[in-house]
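Colleague:
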Amino acid sequence: MRAKRKTLSKKTRFEVFKRDSFKCQYCGASAPNVLLSVDHIKPVSKGGNNAIVNYITSCVDCNSGKGARELSDGAVLEKQRTQLEALQERREQLEMMMAWSQGLNDIESGAAEEIGKAWDKYTPGSVLNENGRRYIRKWLRKFALNEVMMAMPIAADTYLQFTEDGNVTDQSYEIAFMKIPGICVTERRRKEDPSIVQLNKIRAILRYRCSYFISWQCMSVLKEARNMGVPMDELEDMARGVSSWSNFRDKVDELIEIYSE
1 MRAKRKTLSK KTRFEVFKRD SFKCQYCGAS APNVLLSVDH IKPVSKGGNN AIVNYITSCV
61 DCNSGKGARE LSDGAVLEKQ RTQLEALQER REQLEMMMAW SQGLNDIESG AAEEIGKAWD
121 KYTPGSVLNE NGRRYIRKWL RKFALNEVMM AMPIAADTYL QFTEDGNVTD QSYEIAFMKI
181 PGICVTERRR KEDPSIVQLN KIRAILRYRC SYFISWQCMS VLKEARNMGV PMDELEDMAR
241 GVSSWSNFRD KVDELIEIYS E
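Just so we're aligned: 11 in the working numbering is position 11 of the sequence shown, and the numbers increase by one with no gaps anywhere.
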């Protein structure tokens, strides 16, 4: 039974244009110099089908002038061979990408498993479950393995609490584990900017001592003072002696003026 000519979707038309480099395959004219259309290599009236390998890009002039004529048999075979080779290449590349992606997933899962075992050594009486390993896999997309490993003892030493029999408490376990990514961020920033630890300490002092306080504004002022040469220890001592943000800001402005002279 002969195929029926069907309306071409925008998606298929675009795929044909893209495959043929937006160029008429009859005369070589290309967009935007000419208006392109998609035509059948073997006309439907002569038994052609609607497979994408039977479509070809043509300009309006060539398409309107050729009627139901075909490309030569050799041209048809060459065109279809080229298309099939391209499709085969795309399929092979897709398979390679899938294999590569699976390999990455296997590596990620293996790393999460090892990190989980390392974490278990800090938490007697508790073992990381699959949900915890999912969190680790998520973290490994943002941080290097060594960053996560180095954050674990910090989280354990700072937040874990233990029962009389030496087992970790459930509440402290959850808190300590979920602090790991935040510690990764802090440690990364500390390496990028060694003074950030003391700046955060000064900001914490001011947050405690000042009733009115804007965190980001405070850090901006502290960094400005540091960049102008004001010693960190002097800023810390000053923070311990003020009772309001405005008072601290005025004193910082005075120091900046002194050190910038």
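Glycine is no exception: its CB is placed at the ideal position from the N, C-alpha and C atoms.
According to DSSP, is L248 part of a helix, a strand, or is it coil?
Modeller: Counted from its first residue, the sequence shown places residue 248 at position 248. According to the sequence provided, residue 248 is Phe. The question's Leu does not apply to it. F248: helix per DSSP, three-state reduction.
Colleague: Is there a C-beta anywhere in chain C that falls below 8 Å from the one on T163?
Modeller: Note that chain C does not occur in the displayed structure, where there is just one protein chain.
Colleague: Could you tell me whether the region 123-142 touches the region 162-180, using the rule of 3 or more Cβ pairs below 8 Å?
Modeller: yes
Colleague: Does DSSP put I41 in a helix, in a strand, or in coil?
Modeller: Start at 1 with the first residue of the sequence shown, and residue 41 comes out as number 41. Coil at I41, not helix or strand.
Colleague: Between the alpha carbons of S220 and A155, how many angstroms are there, rounded?
Modeller: Within the sequence shown, the letter at position 220 stands for residue 220. Within the sequence shown, the letter at position 155 stands for residue 155. Near 28 Å, if we compare the C-alpha coordinates of A155 and S220.
Colleague: So who's on the other strand from S220, going by DSSP bridges?
Modeller: Walking along the sequence shown from the start, residue 220 turns up at place 220. BP columns for S220 are empty, so no partner.
Colleague: Check each candidate in Q88, A225, N54 and name the one with the smallest Cα separation from V16.
Modeller: Taking the first residue of the sequence shown as 1, we reach residue 16 at position 16. If you compare the alpha carbons of Q88, A225, N54 with that of V16, the shortest gap goes to N54.
Colleague: So, under 8 Å CB-CB, A111 and L140 are touching, yes? Tell me the CB distance rounded to an integer number of Å.
Modeller: Counting from 1 along the sequence shown, the entry for residue 111 is found at position 111. Counting from 1 along the sequence shown, the entry for residue 140 is found at position 140. The Cβ separation is near 6 Å, so the contact holds.
Colleague: What's the C-alpha gap between K201 and S260?
Modeller: Along the sequence shown, one-based indexing puts residue 201 at 201. Along the sequence shown, one-based indexing puts residue 260 at 260. Between K201 and S260, the C-alpha separation is close to 24 Å.
Colleague: Where in the region 118-167 do unbroken runs of the alpha helix (DSSP H), each at least 4 residues long, occur, reported from the N-terminal end onward?
Modeller: Taking 4 residues as the minimum length, the alpha helix (DSSP H) runs contained wholly in the region 118-167 are 130-139, 145-159, in order along the chain.
Colleague: Within 10 angstroms of its Cβ, does E147 collect 16 or more other Cβ (buried), or is it exposed?
Modeller: As a first step, residue 147 must be located in the sequence shown, where it is residue number 147. Its Cβ being crowded by 16 or more others within 10 Å, E147 is buried.
Colleague: Pull up the distance between the alpha-carbon of R137 and that of I205, whole angstroms please.
Modeller: Position 137 of the sequence shown, counted from the first residue, corresponds to residue 137. Position 205 of the sequence shown, counted from the first residue, corresponds to residue 205. Roughly 35 Å separates the two Cα atoms.
Colleague: Whole angstroms are fine: how far does the CA of I183 sit from the CA of N227?
Modeller: Indexing the sequence shown from 1 puts residue 227 at position 227. Indexing the sequence shown from 1 puts residue 183 at position 183. C-alpha separation (whole angstroms): 25 Å.
Colleague: Exposed or buried, T57, counting other C-beta atoms within 10 Å across all chains shown (16 or more means buried)?
Modeller: On the sequence shown, residue 57 is found 57 positions in, with the first residue counted as 1. Flag for T57 reads buried.
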